[in-house]
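In what follows, a single structure is set out as structure tokens and then discussed.
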Amino acid sequence: MPPDSAIDHLALKSIPFGVVLLAERGVSLIETRNDLENIAALGFNTVVLYPSVSRWDADIPGDLAFDTIDSILDVCAELNLQVILELQGQVMQDADAPESSGYAQASNYRENGFHQPAKEVLLATYLRAVAAHFRGHPALLAYDLFNEVGNHSRSPETIQAFTEYLAGQYDGNIQALNHAWATYFPDFESITRVPPNYRVWSWSSVVAERDWQRFRSADFATQIRRWRVIIREVDPDTPLFVDVLGSDVLHNRTDDYFGVSDWDISETTDILGLSCYANMLGPRWWESDAWQWPQFWRHAISVADGKQTMISELMTANRSLFPTEGSSMTDEIGLWSYQAVFHGIQGMIYWKYRPFRRGRQVSGRGLTDFDGTPNRHAHQASKVAKFVVENAVSLAESHPDTAGCAIVFDPDMERLFSAIGEGEATVPPKPFYTDTHRGWFQAFWKSGIAPCYLTPARIAAQGIPAAIRVLVVPCLPGITTEFAESIRDFVQRGGTLVTESRFGLLDIDGNLQPHAPGFGLQEITGFEERGFHCRGEHRIPLPESELVLQGDYFQEIDCPADTEILVATESNHPALVQRSASTGQCLHVPFLLGHKVERGESHSQALTYFNVLLERLRPHLTPSVVVREKSPLLDISVLLRANGTPWLIGLTNFDHATGTVTLRLPKGTELAENTPFDNLTKEGRTITVTLPKRSAHAVKLA
Numbered sequence: 001m002p003p004d005s006a007i008d009h010l011a012l013k014s015i016p017f018g019v020v021l022l023a024e025r026g027v028s029l030i031e032t033r034n035d036l037e038n039i040a041a042l043g044f045n046t047v048v049l050y051p052s053v054s055r056w057d058a059d060i061p062g063d064l065a066f067d068t069i070d071s072i073l074d075v076c077a078e079l080n081l082q083v084i085l086e087l088q089g090q091v092m093q094d095a096d097a098p099e100s101s102g103y104a105q106a107s108n109y110r111e112n113g114f115h116q117p118a119k120e121v122l123l124a125t126y127l128r129a130v131a132a133h134f135r136g137h138p139a140l141l142a143y144d145l146f147n148e149v150g151n152h153s154r155s156p157e158t159i160q161a162f163t164e165y166l167a168g169q170y171d172g173n174i175q176a177l178n179h180a181w182a183t184y185f186p187d188f189e190s191i192t193r194v195p196p197n198y199r200v201w202s203w204s205s206v207v208a209e210r211d212w213q214r215f216r217s218a219d220f221a222t223q224i225r226r227w228r229v230i231i232r233e234v235d236p237d238t239p240l241f242v243d244v245l246g247s248d249v250l251h252n253r254t255d256d257y258f259g260v261s262d263w264d265i266s267e268t269t270d271i272l273g274l275s276c277y278a279n280m281l282g283p284r285w286w287e288s289d290a291w292q293w294p295q296f297w298r299h300a301i302s303v304a305d306g307k308q309t310m311i312s313e314l315m316t317a318n319r320s321l322f323p324t325e326g327s328s329m330t331d332e333i334g335l336w337s338y339q340a341v342f343h344g345i346q347g348m349i350y351w352k353y354r355p356f357r358r359g360r361q362v363s364g365r366g367l368t369d370f371d372g373t374p375n376r377h378a379h380q381a382s383k384v385a386k387f388v389v390e391n392a393v394s395l396a397e398s399h400p401d402t403a404g405c406a407i408v409f410d411p412d413m414e415r416l417f418s419a420i421g422e423g424e425a426t427v428p429p430k431p432f433y434t435d436t437h438r439g440w441f442q443a444f445w446k447s448g449i450a451p452c453y454l455t456p457a458r459i460a461a462q463g464i465p466a467a468i469r470v471l472v473v474p475c476l477p478g479i480t481t482e483f484a485e486s487i488r489d490f491v492q493r494g495g496t497l498v499t500e501s502r503f504g505l506l507d508i509d510g511n512l513q514p515h516a517p518g519f520g521l522q523e524i525t526g527f528e529e530r531g532f533h534c535r536g537e538h539r540i541p542l543p544e545s546e547l548v549l550q551g552d553y554f555q556e557i558d559c560p561a562d563t564e565i566l567v568a569t570e571s572n573h574p575a576l577v578q579r580s581a582s583t584g585q586c587l588h589v590p591f592l593l594g595h596k597v598e599r600g601e602s603h604s605q606a607l608t609y610f611n612v613l614l615e616r617l618r619p620h621l622t623p624s625v626v627v628r629e630k631s632p633l634l635d636i637s638v639l640l641r642a643n644g645t646p647w648l649i650g651l652t653n654f655d656h657a658t659g660t661v662t663l664r665l666p667k668g669t670e671l672a673e674n675t676p677f678d679n680l681t682k683e684g685r686t687i688t689v690t691l692p693k694r695s696a697h698a699v700k701l702a
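Mapping the sequence shown onto UniProt numbering, position 649 (from 1) lands on 649, and the numbers just tick up by one.
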């Protein structure tokens with residue numbers, strides 16, 4: 001590897017590729033060494049080890065001991081395997097052993113013991129001991145501070161922390177809080193004396209629940225910063241990270257199980273880790289993984305904002321003895337692993353190496369047979385590991401092409417939806433907002449485009465990147481003055497804005513604006529809401545079909561004379577409008593197109609409608625490699641060098657039939673030498689690639 005290569009600029013100074021290995025009492029070092037030798041023989045370079053202490057080696061139950069862990073790390077160093085020590089997030093009796101100190105754990109899995117003095121002392125002692133013991137070990141690569149973040153804490157100590165958070169947010173002014181919440185608290189301390197159900201005030205104001213959801217996420221980020229300080233006092237150098245379970249754009253983070261936004265977590269970590277489980281994509285995940293994994297990974301890379309992004313747990317087969325979530329697998333390990341690398345993921349860890357020997361997931365998960373022999377899933381992964389090693393320097397400096405398209409996701413809008421509810425304030429929205437985002441990404445993906453993501457907060461801090469030419473804003477009724485100014489400036493600088501039903505009629509505190517959209521945006525968007533329907537039928541004629549809105553959310557809009565009505569209903573209501581503003585343009589969809597795509601009602605007709613919209617966007621999109629045509633389940637991702645030129649076209653065919661794709665290369669770009677032509681034809685700048693069923697292929701460019 002050349003000196004000062006792109007690898008050296010990664011936080012981990014490597015692209016980790018490997019498995020989670022559980023250190024277990026009663027397993028001999030001989031057996032563990034055999035496992036580690038097999039892991040190295042597969043071409044893997046990394047082991048994520050849990051726990052990071054072996055208290056079973058101590059004479060007194062629960063006392064600190066490291067004998068087993070020391071032996072494992074020493075063998076890893078001998079085999080040139082890097083080790084990530086996982087500190088929290090798994091079964092904590094193997095970490096800080098709370099029962100040995102008399103600390104009573106809550107029955108709820110996500111009640112983490114935050115702010116409870118006994119737990120904080122216990123945890124701090126444990127973290128310092130681990131960091132002091134392993135500092136400088138030749139095998140140590142990083143610490144995973146917390147695996148699969150989540151915050152369901154409603155303990156009295158947490159509620160006290162919430163009131164302190166509120167005092168900071170409202171600058172110590174209880175009357176400012178009362179105004180926002182529509183309440184009458186005499187002081188902040190009195191908030192601790194009410195039950196922690198902040199939806200109770202939602203008939204008058206949704207801000208209390210919104211603030212609670214904000215706090216849940218911010219509080220976890222605060223905990224991470226505290227843990228970082230503890231370890232940094234002992235070890236100033238070893239990289240520290242956390243990993244998230246699921247994705248903001250796929251899973252409602254206001255759900256009790258989650259509570260933490262990826263965007264808040266990314267600010268606290270050196271590397272962003274991801275736990276990727278297909279059963280979380282949907283009940284029939286094998287029908288949608290082709291595009292939902294790209295959405296997961298593109299969002300994560302956007303969140304990380306240049307930080308190394310790795311998969312710290314990728315699902316392997318069968319969760320338990322008799323799984324209920326359809327977790328059996330055939331060739332998915334290979335397909336998903338190649339696809340993740342093609343989309344810019346810079347690290348891959350499989351959960352896990354051996355099937356569980358005991359516990360609630362006994363016999364489940366793993367890349368080996370029960371006797372430890374690597375199985376077919378391990379050999380699929382091994383092929384991808386070899387590809388990563390061969391291309392490590394190029395992969396380290398790569399970023400995925402977005403075609404100049406970004407989708408705006410707002411964690412605060414998710415919180416506002418949770419507070420308002422879907423239909424009425426007593427019914428939380430569940431996947432309302434995320435379904436919209438699933439649908440929009442799927443529609444772009446089916447056209448060979450994989451957008452990146454922005455949030456209003458990121459835009460406020462950094463602006464809209466110059467490379468973004470198309471900005472899509474799905475299902476965003478609540479916005480801020482700052483966001484309105486940012487998108488107005490974006491359009492006036494030549495950008496293309498796409499909005500969806502009921503855009504901008506609230507501020508982010510849930511207050512209705514006098515116009516829809518508000519904040520003066522009707523002057524550039526070219527429409528204003530005059531009516532709104534949630535029942536009845538609207539028929540939209542389309543090329544060779546029609547899209548029927550039956551009981552959908554449909555806006556009646558007025559448009560000035562200089563707004564072009566591109567599509568109208570049979571009853572002549574505008575159904576897609578466009579207005580030029582300065583050198584840019586605004587397009588508006590007066591219904592929830594993302595829902596129509598994602599929820600399966602009139603799916604093909606919704607995609608036909610999207611294609612009408614897309615034709616207006618194409619002149620403004622900037623793909624380095626243009627997708628002319630592709631098979632329905634064929635994924636395409638183009639990786640760009642640091643200078644913005646393409647070097648790899650990653651193709652993954654999820655279909656059980658042969659797939660084809662036709663692409664146009666940029667001027668002056670040639671195929672790399674030794675490109676195999678048995679499945680590729682080239683005519684001028686146009687190439688056509690044929691992929692066998694369920695296969696992946698990398699086309700390298702010079």
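Even glycine gets a Cβ: it sits at the ideal position worked out from N, Cα and C.
| Item | Value |
| --- | --- |
| Continuous alpha helix (DSSP H) stretch holding residue 774: start and end | The requested residue 774 does not occur in the structure, where the chain is confined to residues 1 to 702. |
| Alpha helix (DSSP H) segment containing S327, residue limits | Here S327 belongs to no alpha helix (DSSP H), and DSSP marks it neither H nor E. |
| Cβ separation of G62 and F146, assumed to be a contact under 8 Å, to the nearest whole Å | Not a contact, Cβ separation roughly 21 Å. |
| Neighbourhood of E544 by C-beta, 8 Å cutoff - its chain only, sequence neighbours within 5 removed | T608 |
| When P283, W291 and H251 are compared against S275, the one with the closest alpha-carbon | H251 |
| Whole runs of the alpha helix (DSSP H) within the region 296-377, excluding any shorter than 4 residues | 332-342 |
| Presumed contact (8 Å Cβ cut-off) between I231 and A131, rounded CB distance | 5 Å |
| Rounded separation between N572 and L471 - CA only | 28 Å |
| CB-CB length for F220 against N151, believed under 8 Å | 5 Å |
| Range covered by the beta strand (DSSP E) that runs through I636 | L634 to L640 |
| The region 205-214 contacting the region 268-285, beta-carbon criterion three pairs below 8 Å | no |
| Local conformation of S604 per DSSP, three classes | helix |
| Whole-number beta carbon distance between L454 and V408, since they are thought to touch under 8 Å | 5 Å |
| Residues that D507 bridges to, as DSSP identifies them | I479 |
| Buried versus exposed, by CB contacts within 10 Å (16 or more), P451 | buried |
| N653 in three-state terms, based on DSSP | strand |
| Distance cut-off 7 Å: V491 Cβ against heavy atoms of the ligand MG | This structure lacks the ligand MG, and indeed carries no ligand of any kind. |
| Beta-carbon proximity check, T525 vs P474, cutoff 8 Å | no |
| V303 versus S247, R354, V341 and D331, residue with shortest Cα-Cα distance | S247 |
| Best match in L12, L42, H9 and L10 for proximity to H379 [C-alpha to C-alpha] | L42 |
| A657 and Q308 closer than 8 Å at C-beta | no |
| Anticipated Cβ contact below 8 Å, I311 with A290, distance rounded | With 8 Å as the limit, I311 and A290 do not qualify as a contact, their Cβ atoms being about 17 Å apart. |
| The beta strand (DSSP E) enclosing K630, as first and last residue numbers | V626 to K630 |
| Residue range of the beta strand (DSSP E) that includes Q175 | Careful: Q175 lies outside any beta strand (DSSP E), inside the alpha helix (DSSP H) at I174 to W181. |
| As assigned by DSSP and simplified to three states, the class of A575 | strand |
| Best match in R535, T496 and T254 for proximity to E615 [C-alpha to C-alpha] | T496 |
| Closest residue to E164 among E189, A176 and P156 (Cα-Cα distance) | E189 |
| Exposure label - D35; buried when at least 16 CB within 10 Å | buried |
| Rounded separation between L87 and R641 - CA only | 35 Å |
| Limits of the beta strand (DSSP E) - the one that T32 falls within | No beta strand (DSSP E) contains T32, which is instead part of the alpha helix (DSSP H) from L29 to A41. |
| Limits of the alpha helix (DSSP H) - the one that S217 falls within | V207 to R232 |
| Chain-order list of residues whose beta-carbon lies under 8 Å from that of F654 (same chain, five-residue window excluded) | D289, A290, L335, L633, L634, D635 and R694 |
| Residue burial classification, R253 (beta-carbon count within 10 angstroms, cutoff 16) | buried |
| R154 versus A106, V589 and I349, residue with shortest Cα-Cα distance | A106 |
| R415 versus T434, A403, G518 and S398, residue with shortest Cα-Cα distance | T434 |
| Reduced DSSP category for F610 - H, G, I as helix; E, B as strand; rest coil | helix |
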